[in-house]
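Asks:
Residue numbers (the working numbering): 183 to 988.
Here it is as structure tokens:
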């Protein structure tokens with residue numbers, strides 16, 4: 183009772199003292215005159231802390247403040263300020279003792295550092311466990327704390343009291359190993375498990391919270407851990423990255439080994455000591471986790487723990503048909519059987535009855551053949567090399583059957599098995615089986631092969647049989663395998679010419695039907711069949727090569743009654759030729775100055791240019807007949823095209839890409855003569871694809887080539903070729919004047935002629951082009967060298983003649 187009164191008096195004095203802080207110089211201030219709104223948040227927080235420290239409720243504290251002289255208005259304002267500060271998060275409902283010793287901030291956790299491992303280190307079993315991109319033992323601080331977690335210096339303990347009484351504590355484990363609970367005093371927790379800490383704190387809280395006692399408590403407490411102080415661990419010995427590592431308090435031995443890169447090429451994976459306070463707490467065997475998944479030795483670390491990786495004692499190399507290859511570590515008294523377990527056992531291709539063991543006896547090498555029965559008794563020694571061989575690709579009881587049986591393939595050879603029994607296992611022969619002969623290919627004792635023939639007919643009838651041996655391969659052919667494929671062929675004017683399978687009683691009409699019937703251009707009244715000579719005919723010398731037959735059909739595939747009985751034989755060839763009067767439709771194109779330009783079908787074989795122009799309505803008044811030209815379509819056959827490609831590929835002066843299958847050729851025509859004189863030689867027969875162009879009247883003459891100014895000129899009858907050349911600036915320096923030629927609008931050309939009275943240039947007509955060629959460049963230096971060589975040779979010859987005639 184006296185304790186509660188004393189606490190209330192202290193809180194009341196605290197509230198009054200906060201009121202008086204505004205008048206610090208006046209110690210006799212009247213609390214009733216203090217403005218609560220002028221108090222700072224820090225002063226309000228101080229009042230809240232004192233209330234919580236003494237376990238007083240807000241109503242009790244305000245009652246005592248009223249008794250010390252505070253007005254009801256001040257009390258209401260104070261309650262409003264307290265609630266406002268709590269809502270804004272200003273009130274820290276914690277009990278961090280201001281007198282507690284301040285700890286240093288938690289250091290930054292260590293991270294994995296990459297390093298360059300040796301090839302030998304990479305080959306050691308377990309290296310990739312601590313250095314894998316896919317398997318990480320990086321420590322994680324954000325994990326639930328287990329009940330066995332041991333508290334350390336700097337760990338944060340959170341205590342939440344709820345129920346009839348409410349209070350929150352946030353306490354740190356100080357350097358003396360204890361936390362200080364207000365009104366309760368220090369509680370020593372260092373080194374205790376989290377489960378023990380919970381029980382100890384709850385038992386101590388009962389002394390200040392009576393509601394936690396009894397069978398029906400009304401006050402409860404929850405103890406949890408907040409921020410955990412990290413630990414520093416020293417990893418030493420045969421390690422890839424030895425040093426001191428900062429880890430979360432929840433880290434284990436594997437976490438530290440992961441950061442340190444695991445044991446180096448001399449380090450042991452099976453003798454890793456965890457040393458705490460100078461004593462070895464446990465020895466970690468990484469193989470227990472890698473092989474069996476056991477984690478009992480992977481215990482939680484504490485501050486200043488030491489992990490010592492010792493050198494390996496026995497290391498054995500594994501090669502051959504094991505599931506895991508590389509370097510494995512063996513403890514004393516471990517055997518080949520244990521090594522097999524470490525290596526994952528044999529592969530499916532391994533010879534498991536015997537192993538090869540190569541042992542270093544410090545002077546020379548010793549070879550040992552370890553039989554299967556000795557695996558458990560053969561101890562491993564440092565430096566041993568163990569190899570598992572591969573099974574021999576040899577079958578002890580395999581036979582095979584191929585060909586005209588329903589189930590070809592491999593079969594098991596049983597003792598005393600006969601050929602007839604194998605045929606039964608293969609579900610018998612197919613209908614097309616060749617009954618007169620089969621062949622067994624057998625491997626002899628010296629691994630050479632021999633062939634054994636048999637008659638299927640006699641084997642099936644029981645007249646004879648063959649005893650089978652290992653690796654026998656039985657070949658049974660069909661009647662189609664032992665003779666040439668029987669085919670017939672149809673070529674010519676049918677929808678689908680080609681090769682077809684022969685069948686008995688097939689007629690010409692049947693074959694034409696299979697080939698899609700006749701084309702429209704087929705001559706059905708004269709179908710020819712060629713037939714090879716029979717066996718008797720080819721057995722003697724004669725001049726005959728084939729037999730031929732001709733038959734008439736109609737388009738409904740009906741024979742003449744006299745020919746209906748003709749049946750095709752294997753290798754017959756049927757020819758369906760094109761009707762003599764059939765021609766594919768051809769088209770001539772006429773463009774330019776005709777009355778009806780366009781495409782015209784060729785109606786007759788002897789249709790000429792004049793005929794087509796008359797069908798087009800004749801020439802228009804604007805037509806320039808002299809300039810008319812004909813472009814003729816030239817299409818190479820496939821054989822001609824391939825021949826030209828072959829020539830172009832061999833001739834370095836030709837480009838295969840320039841070879842065209844279809845091209846157009848300019849044909850020079852004299853249209854005025856064609857139209858004025860019927861049946862003249864110039865009136866050519868038109869062909870499919872011809873293009874006839876009748877231009878309108880042309881009024882220009884083009885000058886090109888080796889002139890100073892190539893340009894087009896207006897045509898006039900008064901000018902000659904030389905005049906047009908002079909109007910283009912005249913001849914260039916390298917012009918070949920004697921080779922000037924004129925290209926006329928109809929595609930013909932005329933060249934310059936020489937005579938006694940000078941050059942005679944071709945006649946100029948509208949639309950023509952005057953072309954002045956250019957002289958080729960002459961290499962004067964090369965010519966000089968040739969002349970010097972010639973004169974030198976000539977001088978030597980003259981000298982030799984002079985000497986010879988003396």
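In this text, a Cβ means the ideal position worked out from N, Cα and C, and glycines have one as well.
In its own chain, which residues sit with a C-beta less than 7 Å from the C-beta of residue 661, not counting the 5 before and 5 after it?
Replies: So the list reads 614 and 616, once near-sequence residues are dropped.
Asks: For residue 984, which three-state DSSP category applies?
Replies: Correct three-state label for residue 984: helix.
Asks: Give the range of the alpha helix (DSSP H) segment to which residue 691 is assigned.
Replies: Counting along the chain, the alpha helix (DSSP H) containing residue 691 begins and ends at 690-696.
Asks: Cβ atoms of residue 343 and residue 419: under 8 Å apart, would you say?
Replies: no
Asks: Going by beta-carbon coordinates alone, are residue 582 and residue 593 separated by less than 8 Å?
Replies: Closer than 8 Å, so yes.
Asks: Can you name the start and end residues of the alpha helix (DSSP H) that residue 909 belongs to?
Replies: 903-909
Asks: List the DSSP bridge partners of residue 461.
Replies: 458
Asks: Less than 8 Å between the CB atoms is what I'm expecting for residue 651 and residue 624, so what's the real figure, rounded?
Replies: Contact flag correct, Cβ pair sits at about 6 Å.
Asks: Which one or two residues does DSSP pair with residue 757 in a beta bridge?
Replies: 673 and 710
Asks: Cα separation between residue 257 and residue 248?
Replies: 7 Å
Asks: Between the Cα of residue 401 and the Cα atoms of 935, 411, 384 and 417, which residue gives the shortest distance?
Replies: 384
Asks: By a C-beta neighbour count over all protein chains shown, 10 Å radius and 16 as the cutoff for buried, is residue 453 buried or exposed?
Replies: buried
Asks: From residue 757 to residue 776, what does the alpha carbon distance come to, in whole angstroms?
Replies: 46 Å
Asks: Does DSSP put residue 809 in a helix, in a strand, or in coil?
Replies: helix
Asks: Pick helix, strand or coil for residue 227, following the three-state DSSP scheme.
Replies: helix
Asks: Compute the Euclidean distance between the alpha carbons of residue 272 and residue 393, then round it to the nearest angstrom.
Replies: At residue 272 the pLDDT is 49, less than 50, meaning the model places this residue with poor confidence; the figure from the coordinates comes in the next sentence. Residue 272 and residue 393 have their C-alpha atoms spaced approximately 29 Å apart.
Asks: Which residue marks the beginning of the beta strand (DSSP E) containing residue 634, and which one marks its end?
Replies: 631-636
Asks: Ignoring anything shorter than 3 residues or poking outside the stretch 467-503, list the beta strand (DSSP E) runs there in chain order.
Replies: 488-493 and 496-502
Asks: How many angstroms separate the CA atom of residue 363 from the CA atom of residue 340?
Replies: 11 Å
Asks: Taking the alpha-carbon of residue 505 as reference, which of 466, 570, 469 and 260 has the nearest alpha-carbon?
Replies: 570
Asks: Kindly indicate which residue of 226, 260, 855 and 231 has the alpha-carbon position closest to the one of residue 349.
Replies: 231
Asks: Using the C-alpha atoms, what's the distance from residue 816 back to residue 946?
Replies: 31 Å
Asks: Excluding sequence positions up to five away, which residues of its chain have a Cβ less than 6 Å from the Cβ of residue 656?
Replies: 583 and 622
Asks: Which whole-angstrom value describes the C-beta separation of residue 759 and residue 705, a residue pair presumed to lie in contact below a C-beta threshold of 8 Å?
Replies: 5 Å
Asks: Decide if residue 629 is buried, meaning its Cβ has at least 16 other Cβ atoms within 10 Å, or exposed.
Replies: exposed
Asks: CB-CB under 8 Å to residue 329, same chain, minus the five flanking residues each way: which ones, in chain order?
Replies: 375, 376 and 377
Asks: In this structure, does DSSP put residue 541 in helix, strand or coil?
Replies: It is a strand residue.
Asks: So for residue 401, helix, strand or coil by DSSP?
Replies: Residue state, collapsed to three classes: strand.
Asks: Which of the three DSSP states is assigned to residue 817 in this structure?
Replies: The answer is strand: DSSP assigns residue 817 an E or B state.
Asks: Is residue 1020 buried or exposed, if buried means 16 or more other CB atoms sit within 10 Å of its CB?
Replies: The chain is shown only over 183 to 988; residue 1020 falls outside these bounds and no answer can be derived.
Asks: What is the rounded straight-line gap between the Cα of residue 587 and the Cα of residue 681?
Replies: 29 Å
Asks: Give me the Cα-Cα distance between residue 477 and residue 494, rounded to the nearest whole angstrom.
Replies: One C-alpha to the other measures close to 21 Å.
Asks: Would you say the stretch 919-934 touches the stretch 857-872, given that touching needs at least three Cβ pairs under 8 Å?
Replies: no
Asks: Are the stretch 762-776 and the stretch 874-881 touching, with three or more C-beta to C-beta distances below 8 Å?
Replies: Yes: at least three Cβ pairs fall under 8 Å.
Asks: Decide if residue 916 is buried, meaning its Cβ has at least 16 other Cβ atoms within 10 Å, or exposed.
Replies: exposed
Asks: Just to confirm, are residue 675 and residue 636 a CB contact at a threshold of 8 Å?
Replies: no
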